[in-house]
Amino acid sequence: MTNPIANSATFKTTPKWKKAFFSFEALLVVVLVVEIIIFNSTGTNFTTRDNLFEILRFSVVLGLLALVMTPVILTGGIDLSVGSLLGLSAIVFGKLWRDAGMDPWLAAICTLVFGAVAGGLNAVLITRLRLPPLIVTLGSFSLFRGLAEALTRGVDNVTGFPESFLFLGQGYLFGVIPAQLPIFILVAVGVWLLVHQTTFGRSFRAIGFSPEGARYAGIPVERRVAFVYILSGFMAALAALVYVAHYGQAKADAGSGYELLAITAVVLGGTSIFGGIGSVHGTLLGLAVLAVLRRGLTLSDQPAELGSILTGGLLLAVLAGEVLLKKFSSRRARVKTNAQVSQITPTT
Amino acid sequence: MPPLLQLSGVTKSFGAVRALKGVSFSLAAGEVHALLGENGAGKSTLIKVITGAHQPDSGTIAVDGETTGKLTPSTARTRGIAAIYQQPALFPDLTVAENIGLGLEKPSPFRPVRWAERRAHARELLQRVGANIDPETEVRNLSMPEQQLVEIARSLGAGARILIMDEPTASLTQKEVQLLLKLVRDLREQGVGIIYISHRLEEIFEVADRVTVLRDGESVGTKSAKEIDEPGLIRMMVGREVSSIYPPSESQPGKPVLRLENVGCSSSGVRGVSFEVRAGEVFGLSGLVGAGRTELARILFGITPADSGKILLKGDSIEIHSPRQAVESGIAYVPEDRRRHGVVLEMPIASNITMAIHPSFFPGSWLRFGKERELAEKYISDLQIKTPSSEAPGGSLSGGNQQKVALSRWLATHPKVLILDEPTQGVDVGAKSEIHKIIRKLAAEGLAVIMISSDLPEVLGMSDRIGVMRGGTLTRILDGPTADAHSVMSAALGQDEAGGIAA
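Chain order of the listed sequences is A and B. Position 328 of the first sequence, counting from 1, maps to 1060 under the numbering used here, and the rest follow consecutively. Position 287 of the second sequence, counting from 1, maps to 297 under the numbering used here, and the rest follow consecutively.
What follows is the structure, encoded as structure tokens:
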């Protein structure tokens, strides 16, 4: 197993239990437990099965966006357009069903294709024209929302969807499990496998750490980057379907502000905004922390504004905590690495 | 009268590398003193010591006979030291007058800019260097030589009496060179001391009063330009025997693997390159920095695809438009900039090694961690990579071991052609000879190896044949065993054996 000529003086491996104990995920679990303890004492019916499922139901739409935002940010990019695309997809779906007279399931499939195409627009601008993702998706953020409002002239709500479709967002499987939960689990497992078990995920990280380095390794950087933005668009459309089924109406302002919440969940979950570092389970933890906080405040009869204040404060506190944790646990290792790095700096 | 600038016994080390080993150098007012040496001889380090960018480990620097204390870039400037580089460092979006003004006027938060004064001053300085440039022009609209003139004007405005010009003519046309050389002579008349660095020997004989040659961080000697000729200078630059530390070539070159016919790429300045590399052969690619060697490698690897000529692999014409295609065709490239391109420093060694073989090594795109670790451990032991684990991040390794990881990545692709770009740059001596042995072994196994190197002994010691590049094209192919430092250097500098200019 070990290499006979290994130079053990230069690199010490930390025991696994120690790593787990000091890890960022552990910090999030602590935050989550503290939240539950607090809300259990202040809110009514907080730790019940019904409430758990209610929290899950609330998190599904946001969760779908956050899950797919993880690979986007891993490549060193960002997608600000997902919330707007959710709104536009909801309108596209409503119009296809009501005005074009499509079967709701056919309309749903068309909406998913539409979402992927809209994500493809971001992908083309980012990979072909090499524009920064922040700017491209800031543009499509306005564009998609504007289109949604134009299509409805800001007032037209599509309602009256058939029961069979609404079941997706309102029904219960076996009487207890919210119907959107299986979709969420399927997507979560899918994205987790993609990021952690395939060469795609490996490429995303390589691109996030060093796009040039990835290119010099023969990784098709443009194709991989395009893929994450198309996937992101597809997922925004899927989230739109769940959203419409949940609220029973398709309106132009659906999902506004969700892009920032999704990014918050991802960053809260330990994904580096500079790319390369991060995990899907981290995102799920970040999402849970966020969702429990929101739901807990509602059940404790606290004003909604407090939600924003606490979300923001929590994000900053956890990020600061992460930096302190890193400093604490890896100071020695880093000093050693730096010493080696400075030795090999080329001269003249 | 003391010399304008006097360096005595200056040494400077970076880690284990001794870049300057006791260099002494003097410059008189009104003198053009040329500084010559191969790539890596220590010229850049010496300049950085003079301009205060590096502090010497020992030795003294005296200006006007007065020993300076610790020089920093700003104290060097106040003592009248200025440097002009090949690439001008001006703000492209500001006007000429603004660029000059920013460098010269004392910054103060509440002082309004006196625009008329600034323009007049800029115009006066530009006239002094004989430049016919409107101070109101934005710098981005100026040509390269015009930008250099602006930089020189600014240095003069700052009271520069010691002007260092580091390859100022590298990107200039012949006519522009003549104008610049005239300016150099004018400045000399005004009493400015100029340290002139160039690889173009003819320029040196045209303007220099004295020449100092550096080699391996030491001053080989200072001569009056009148008492030495071109062959003599080249001898001074290379003058050493190739030591026998290089493993002998054992390979019997086989069939041609890669053939280039008039390959060029206008965007990277490479044109009309033709040569052939055979199986089992190490083809050394020599030339000065900027001769187009790395650019040629980038063409073959599909980073800047060729726009003219033909590339044939085992007799079949191939198109290489991306690194992916290069990898699929069997061309591997270990890049020069190891830390940016060669390894992803943040990722584990194992991930780095499998990075170029994702499609073939992981069928169906599923990662197989056990198989990956086995492969990584095989290379760790084959190439003797010093690391405690295949999971250690690439950045935790020393330069030589990082290079071995980069090499492993490409060996794992089972290439037909392996291009190595400065394979031992920044690598310590021990790892260097290990890498040489690996290269030999690969060639003996039938790989066609192209080795780009600025290290002349390495090129001579390792190559079966040596291609010399100059000005973006391959000017000569020499036979490895019979070539010597003098013939390679002459070809790289554009002098043929008889002393004339090569094609």
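Just so you know, even glycine gets a beta-carbon here, dropped at the ideal spot from N, CA and C.
query                                                                                                                                                                                  : result
DSSP state of Glu-356(B), grouped into three classes?                                                                                                                                  : coil
Once you ignore the five residues that flank His-351(B) on each side, which residues in its own chain have a CB closer than 8 Å to its CB?                                             : Pro-345
Should Gly-987(A) be flagged as near chain B, meaning a C-beta pair shorter than 7 Å?                                                                                                  : no
Between the alpha carbons of Val-59(B) and Thr-21(B), how many angstroms are there, rounded?                                                                                           : 10 Å
Output needed in chain order: residues of the segment 361-382 of chain B with a Cβ under 7 Å from some Cβ in chain A.                                                                  : Ser-361, Met-365, Ala-366, His-368, Phe-372, Ser-375, Trp-376, Leu-377
Express the C-alpha separation of Ala-180(B) and Val-223(B) in angstroms, rounding to a whole number.                                                                                  : 19 Å
By the criterion of Cβ-Cβ separation under 8 Å, what are the contact partners of Pro-491(B) in chain A?                                                                                : The contacting residues do not exist; Pro-491(B) stays about 29 Å from chain A at best.
Report yes if the CB atom of Gly-1002(A) is closer than 7 Å to the CB atom of Gly-1014(A), and no otherwise.                                                                           : yes
Would you say Pro-803(A) faces chain B, with C-beta separation under 7 Å as the test?                                                                                                  : no
Between the Cα of Val-974(A) and the Cα atoms of Thr-891(A), Arg-956(A), Phe-897(A), which residue gives the shortest distance?                                                        : Phe-897(A)
Is there contact here, the segment 927-942 of chain A with the segment 774-791 of chain A, by at least three beta-carbon pairs under 8 Å?                                              : no
State the start and end residues of the unbroken alpha helix (DSSP H) segment that holds Val-299(B).                                                                                   : Note, Val-299(B): premise wrong, no alpha helix (DSSP H); not H, not E.
At which residue ranges does the segment 946-1012 of chain A contain complete alpha helix (DSSP H) runs of 4 or more residues, listed in the order of the chain?                       : 953-979, 990-1000
Given 8 Å as the limit, is there contact between the segment 365-374 of chain B and the segment 444-458 of chain B, that is, 3 or more CB pairs closer than that?                      : no
Under 6 Å from any heavy atom of the ligand ATP, does the C-beta of Gln-1034(A) make it?                                                                                               : The ligand ATP is not part of this structure, which contains no ligands at all.
Roughly how far, in whole angstroms, is the beta-carbon of Ala-977(A) from the beta-carbon of Leu-913(A), given that I think they are within contact range, below 8 Å?                 : The pair is not a contact, with the Cβ atoms about 13 Å apart (cut-off 8 Å).
Below 8 Å on the Cβ atoms is my contact criterion, and I expect Asn-1111(A) with Ser-813(A) to pass it. Report the Cβ-Cβ distance as a whole number of Å.                              : The structure shown does not extend to residue 1111(A), since chain A is modelled only from 733 through 1080, so no value can be given for it.
How far does the alpha helix (DSSP H) with Ser-318(B) in it extend, from its first residue to its last?                                                                                : It is not in any alpha helix (DSSP H) - Ser-318(B) instead sits in the beta strand (DSSP E) that spans 318-323.
Using only CA atoms, which one of Glu-767(A), Val-765(A), Ala-839(A), Phe-932(A) lies nearest to Val-960(A)?                                                                           : Phe-932(A)
Determine the DSSP secondary structure at Asn-777(A), reduced to helix, strand or coil.                                                                                                : coil
Our contact map puts Gly-815(A) next to Tyr-948(A) with C-beta atoms below 8 Å; I'd like the distance itself, whole angstroms only.                                                    : With a Cβ gap of about 36 Å, Gly-815(A) and Tyr-948(A) do not count as contacting.
Counting along the chain, where does the beta strand (DSSP E) carrying Glu-286(B) start and finish?                                                                                    : 280-288
If you measure between the beta carbons of Pro-952(A) and Arg-419(B), is that distance less than 7 Å?                                                                                  : no
Just verifying my parser: in three-state terms, what is the DSSP assignment at Pro-102(B)?                                                                                             : coil
Can you name, in chain order, every residue of its own chain whose Cβ lies under 6 Å from the Cβ of Gly-826(A), other than the five neighbours on each side?                           : Val-890, Ala-982
Considering only residues of the same chain and omitting the five flanking positions on each side of Gly-279(B), which have a CB-CB separation below 7 Å?                              : Gly-302, Glu-305, Gly-482
Just curious, the alpha helix (DSSP H) that Gly-242(B) is in, first and last residue?                                                                                                  : 240-248
Return helix, strand or coil for Arg-28(B), following the three-state DSSP convention.                                                                                                 : strand
I'd like to check one pair, Arg-220(B) with His-43(B): are the Cβ atoms closer than 7 Å?                                                                                               : yes
List, in chain order, every chain E residue whose beta-carbon is nearer than 7 Å to that of Val-337(B).                                                                                : Checking the listed chains, one finds no chain E in this structure; the protein chains it contains are A and B.
Could you tell me if Pro-864(A) is buried or exposed, where buried requires 16 or more neighbouring beta carbons within 10 angstroms of its beta carbon?                               : exposed
Using CA atoms only, rank isn't needed, just tell me which of Val-469(B), Asp-474(B), Pro-491(B) is closest to Ala-502(B).                                                             : Val-469(B)
Kindly list the residues whose CB is nearer than 7 Å to the CB of Gly-19(B), restricted to its own chain and excluding five residues on each side of it in sequence; keep chain order. : Gly-32, Ser-34, Ser-68, Gly-69
So the beta strand (DSSP E) Val-149(B) belongs to, where does it begin and stop?                                                                                                       : Neither: Val-149(B) is in no beta strand (DSSP E) and is coded neither H nor E.
Using a Cβ-Cβ cutoff of less than 7 Å, which residues in the same chain neighbour Gly-62(B) once the five nearest sequence positions on both sides are dropped?                        : Leu-81, Thr-82, Pro-83, Thr-85, Ala-86
Around the C-beta of Ser-229(B), are 16 or more other C-beta atoms found within 10 angstroms, so that it is buried, or is it exposed?                                                  : buried
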